[in-house]
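A.B. asks: The working numbering applies: residue 237 is where the sequence shown begins, and numbers increase by one.
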Amino acid sequence: MTVRKLQERRGWAFGFGVIILKPLLVAFTRRRWIGGDNLPQAGGFIVALNHISHVDPLTAAHLVYDHGRIPRYLAKSGLFNNKLLGFFLRSAGQIPVRRDTSDAVGAYAAAVEAVRAGKCVVIYPEATITRDPDLWPMKGKSGAARIALATNCPVIPVGQWGAQEILPPYTKKPYLLPRRTVTMRVGTPVPLDDLRDAPLTPATVNQATERIMTAITAQLELVRDETAPAERYDMAVRGDRFKKKKAE
237 MTVRKLQERR GWAFGFGVII LKPLLVAFTR RRWIGGDNLP QAGGFIVALN
287 HISHVDPLTA AHLVYDHGRI PRYLAKSGLF NNKLLGFFLR SAGQIPVRRD
337 TSDAVGAYAA AVEAVRAGKC VVIYPEATIT RDPDLWPMKG KSGAARIALA
387 TNCPVIPVGQ WGAQEILPPY TKKPYLLPRR TVTMRVGTPV PLDDLRDAPL
437 TPATVNQATE RIMTAITAQL ELVRDETAPA ERYDMAVRGD RFKKKKAE
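Structure (structure tokens):
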């Protein structure tokens, strides 16, 4: 369902993706969107979501697009290795990132540039699908906070649920029928104003990151009508419970 008219030129690549993917999303999902008016109609901003399935980027793009904006993602660089796919993704404005390398700095700079140019950048602060056994958000990475503090842009938290029923984490078989309901609850901007003029120290970035993850978790608690664990899952401490599945 289109909530707002598109506020920007989408380009041929994104337009082609919409023609192919949107009918499939409409056919195989039910959409329950709450608080979509909190997505800005104009100007640069970050959408920060919890990560529960490899289909998340498609369902999130559906939410953002039908509220009149074009989503840009920090996408795994491996997706760009294929010449044809890489050309398509770059033409659609997506941003390649190689984790834990110097190229990640370039991805950060590209994301900052996109936000300053008035674009919507979608970020999963966990940087990977959650390893929490009950799929609650994990400890976040600093990327979203650093971009927000560098650009003074709003960070819009989204708690989402249902995509994991279409494609469970690190599985290959999708469950398309019966149609699954994808719920996305969009919150108000994360309060970061008191940190924007503070020195950009690790402590400031960590505080901003924690606020972003708290805001996302609060939205997800409302969606699930449950209370999240008091302590977030930390892969550095508790390990990667999907490591064996990824190796297979």
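Glycine included, C-beta positions come from ideal geometry on N, C-alpha and C.
Between the region 343–352 and the region 260–278, do three or more beta carbon pairs fall short of 8 Å?
C.D. replies: In short, these stretches do not touch, since the Cβ pair count stays below three.
A.B. asks: Using CA coordinates, which residue listed in L242, L325, K479 is at the minimum distance from P293?
C.D. replies: When only C-alpha atoms are compared, the closest one is L325.
A.B. asks: Nearest-angstrom Cα distance between Q243 and F281?
C.D. replies: Roughly 14 Å between the two C-alpha positions.
A.B. asks: Can you give the Cα-Cα distance for P332 and Q455, rounded to whole angstroms?
C.D. replies: If you take the alpha carbons of P332 and Q455, they lie about 28 Å apart.
A.B. asks: Taking one C-beta from the region 405–416 and one from the region 375–390 each time, how about it: are there three or more such pairs within less than 8 Å?
C.D. replies: No: the two stretches stay apart, fewer than three of their Cβ pairs being nearer than 8 Å.
A.B. asks: Any idea if N286 is buried or exposed, counting beta-carbon neighbours within 10 angstroms, 16 or more meaning buried?
C.D. replies: Classification of N286: buried, given that the 10 Å Cβ count is 16 or more.
A.B. asks: Taking the alpha-carbon of G398 as reference, which of P414, V358, R246 has the nearest alpha-carbon?
C.D. replies: Checking every option, the nearest Cα to that of G398 belongs to P414.
A.B. asks: Just the C-alpha distance for V418 and Q400, rounded to the nearest angstrom, thanks.
C.D. replies: Rounded to whole angstroms, V418 to Q400 spans 9 Å at the Cα level.
A.B. asks: In its own chain, which residues sit with a C-beta less than 8 Å from the C-beta of G441, not counting the 5 before and 5 after it?
C.D. replies: Note on residue identity: the sequence assigns Val, not Gly, to residue 441. Correct list, in chain order: S378, A381, R382, L385.
A.B. asks: Should I392 and A464 be called a contact, given that it needs their Cβ atoms to be closer than 9 Å?
C.D. replies: Not in contact: I392 and A464 (Cβ atoms no closer than 9 Å).
A.B. asks: Assuming the contact rule is C-beta atoms closer than 8 Å, V426 and R447 should be a hit. Round their C-beta distance to whole Å, please.
C.D. replies: Sure, about 5 Å apart at Cβ, within 8 Å.
A.B. asks: If you reduce the DSSP assignment to three classes, tell me which class F281 lands in.
C.D. replies: Strand, per DSSP.
A.B. asks: Using a Cβ-Cβ cutoff of less than 6 Å, which residues in the same chain neighbour A451 once the five nearest sequence positions on both sides are dropped?
C.D. replies: Once the five neighbours on either side are set aside, the close Cβ partners of A451 are P393, G423, V426.
A.B. asks: Considering just the uninterrupted stretch of the alpha helix (DSSP H) at W248, what are its terminal residues?
C.D. replies: Looking at the DSSP string, the run of the alpha helix (DSSP H) that includes W248 is 247–264.
A.B. asks: Here's the rule I'm using: 16 or more other beta-carbon atoms within 10 Å means buried, otherwise exposed. How should E467 be labelled?
C.D. replies: Exposed: under 16 other Cβ atoms inside 10 Å.
A.B. asks: With a threshold of 16 other CB atoms inside 10 Å of the CB of T453, please say whether the residue is buried or exposed.
C.D. replies: Classification for T453: buried.
A.B. asks: Give me the Cβ distance between T437 and G376, rounded to the nearest whole Å; I'm assuming they're in contact under 8 Å.
C.D. replies: About 17 Å separates the two Cβ atoms, so there is no contact after all.
A.B. asks: Can you tell me where the beta strand (DSSP E) with T419 in it begins and where it stops?
C.D. replies: Segment 416–422, the beta strand (DSSP E) holding T419.
A.B. asks: Go ahead and pull the three-state DSSP assignment for Y406.
C.D. replies: DSSP places Y406 in coil when its eight states are reduced to three.
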